[in-house]
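In terms of my numbering, the first sequence opens at residue 555 and continues consecutively. Note sheet for the following structure.
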Amino acid sequence: MPELPEVETSKRGIAPWIEDQDVSNVVVRQQNLRWPVAAEIERLLPGQRIRSLSRRAKYLLIGTDAGTAMLHLGMSGSLRVIDIGTPAGVHDHVDIELASGKALRFRDPRRFGSLLWAEEPHEHPLLRNLGPEPLDDAFNGEYLRKTARGRRVSIKQFLMNGSVVVGVGNIYASESLFVAAIHPKRQAGRISLIRMESLADAVKMVLSNAIDAGGTTLRDYYDGDGEPGHFQQQLEVYGRDDEPCLRCQRLISAVVQGQRRTYYCKNCQR
DNA sequence: CTAAGGACCTGTCGGC
DNA sequence: TGCCGACAGGTCCTTA
Numbered sequence: 555m556p557e558l559p560e561v562e563t564s565k566r567g568i569a570p571w572i573e574d575q576d577v578s579n580v581v582v583r584q585q586n587l588r589w590p591v592a593a594e595i596e597r598l599l600p601g602q603r604i605r606s607l608s609r610r611a612k613y614l615l616i617g618t619d620a621g622t623a624m625l626h627l628g629m630s631g632s633l634r635v636i637d638i639g640t641p642a643g644v645h646d647h648v649d650i651e652l653a654s655g656k657a658l659r660f661r662d663p664r665r666f667g668s669l670l671w672a673e674e675p676h677e678h679p680l681l682r683n684l685g686p687e688p689l690d691d692a693f694n695g696e697y698l699r700k701t702a703r704g705r706r707v708s709i710k711q712f713l714m715n716g717s718v719v720v721g722v723g724n725i726y727a728s729e730s731l732f733v734a735a736i737h738p739k740r741q742a743g744r745i746s747l748i749r750m751e752s753l754a755d756a757v758k759m760v761l762s763n764a765i766d767a768g769g770t771t772l773r774d775y776y777d778g779d780g781e782p783g784h785f786q787q788q789l790e791v792y793g794r795d796d797e798p799c800l801r802c803q804r805l806i807s808a809v810v811q812g813q814r815r816t817y818y819c820k821n822c823q824r
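Have a look at this one:
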């Protein structure tokens, strides 16, 4: 489920409950996520104070004096702050219990998520070679143009490549290309600087709008009903195949690229 | 180096 | 109603 806006919303939702709190205990019910839950999570985390909560790409970084927990929500993960003692469901794999009586509960039915540990998270092999954050100034049209030079892959798959830019998943790749009026199958290396600039702007706009929309659901992270983070998204093309384009009324098309579905308007996107 | 495809899992939905 | 295949918003790893 989570794309970058959901991860950012999760971070903001749990922050008030876990920052500067002491970890009293950790309960791991399911060790087998995408990678085994790091041993340090159980061995080192209890007794530590959570000093910081930050995000790099789609990883949440929970910082302590002993090291940093790296949490990824994968495809179906979600976080929730609960009262210690709240009965766990089948897919509630990890609880990080706090001295306050609350706990951070990690649920992930598909188990594509992960919970790792690093002393220097930004040097971790999974983070070290990632591209820039989409909302940073380093991510712009010039960067895209330079990085795409000689690349024959489609611009949609290029955008979803984490070593190019992080945080643009399947939904927001389609959305951004629609806003920038670029055809998703166009070769990345054959897009002009001007159009790359409008693409970078589109990515920033689409992601920040989604993050803003998530702000209304922050309360869901504690004691809410249903899944947290399922805020109403205002999607212009994703999932709208055979429905009218909001700009030209022609029907939205769907294709498969790299085993992922892409939605676009044949008339507006060139 | 780039690009393509398989792999990891469970839940849900549409069609027969 | 029950079963079965297709598909789901991630991303790493292997292979060519």
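Using N, Cα and C, we set each Cβ at its ideal position, and we do this for glycine too.
{"Item": "Give the range of the beta strand (DSSP E) segment to which Gln811 is assigned.", "Value": "807–811"}
{"Item": "Report all residues from its chain with a CB closer than 7 Å to the CB of Ser762; omit the five preceding and five following residues, and keep chain order.", "Value": "Leu689"}
{"Item": "Could you give the C-beta distance for Leu669 and Leu753, rounded to a whole number, given that I count them as a contact under 8 Å?", "Value": "Leu669 to Leu753, Cβ: 34 Å. No contact."}
{"Item": "Please classify Lys656: is it buried, with 16 or more other beta-carbons within 10 angstroms of its beta-carbon, or exposed?", "Value": "buried"}
{"Item": "Assign Val720 to one of three DSSP states: helix, strand, or coil.", "Value": "coil"}
{"Item": "Within 10 angstroms of the Cβ of Cys819, are there 16 or more other Cβ atoms? Answer buried if so, exposed if not.", "Value": "buried"}
{"Item": "Check whether the Cβ atoms of Ala767 and Gln741 lie closer than 8 Å to each other.", "Value": "no"}
{"Item": "Can you pull the DSSP bridge partners for Val577?", "Value": "Leu652"}
{"Item": "Going straight from the alpha carbon of Phe580 to that of Trp671, what length do you get?", "Value": "In the sequence on display, residue 580 carries Val and not Phe. In a straight line, the C-alpha of Val580 is about 14 Å away from that of Trp671."}
{"Item": "Inspect the CB distances between the region 690–700 and the region 722–735 and report whether three or more fall short of 8 Å.", "Value": "no"}
{"Item": "Pull up the DSSP beta-bridge partners for Val635, would you.", "Value": "Leu658, Tyr776"}
{"Item": "So, does the region 613–625 touch the region 638–645, judging by three or more C-beta pairs under 8 Å?", "Value": "no"}
{"Item": "Assuming Gly631 and Pro556 are in contact, meaning their beta carbons sit under 8 Å apart, how far apart are those beta carbons, in whole angstroms?", "Value": "7 Å"}
{"Item": "Helix, strand or coil for Asn763 per DSSP?", "Value": "helix"}
{"Item": "According to DSSP, Arg623 sits in a beta bridge with which residue or residues?", "Value": "First, the residue type needs correcting, since residue 623 is Ala and not Arg in the sequence shown. Its beta-bridge partners are Ile616, Trp671."}
{"Item": "Quick one: what's got a C-beta closer than 6 Å to Arg804's C-beta in the same chain, skipping five residues either side?", "Value": "Asn821"}
{"Item": "Are the Cβ atoms of Val577 and Gly601 separated by less than 8 Å?", "Value": "yes"}
{"Item": "Taking DSSP's pairing of strands, which residues face Val582 in a bridge?", "Value": "Val648"}
{"Item": "Under DSSP, the alpha helix (DSSP H) around Thr563 begins and ends at which residues?", "Value": "558–572"}
{"Item": "Return the CA-CA distance between Arg682 and Pro798, expressed in angstroms with no decimal places.", "Value": "42 Å"}
{"Item": "Cα separation between Lys612 and Glu687?", "Value": "10 Å"}
{"Item": "To the nearest angstrom, how far is the alpha carbon of Ser654 from that of Leu713?", "Value": "42 Å"}
{"Item": "Is the distance from the Cβ of Asp662 to the Cβ of Gly628 below 8 Å?", "Value": "yes"}
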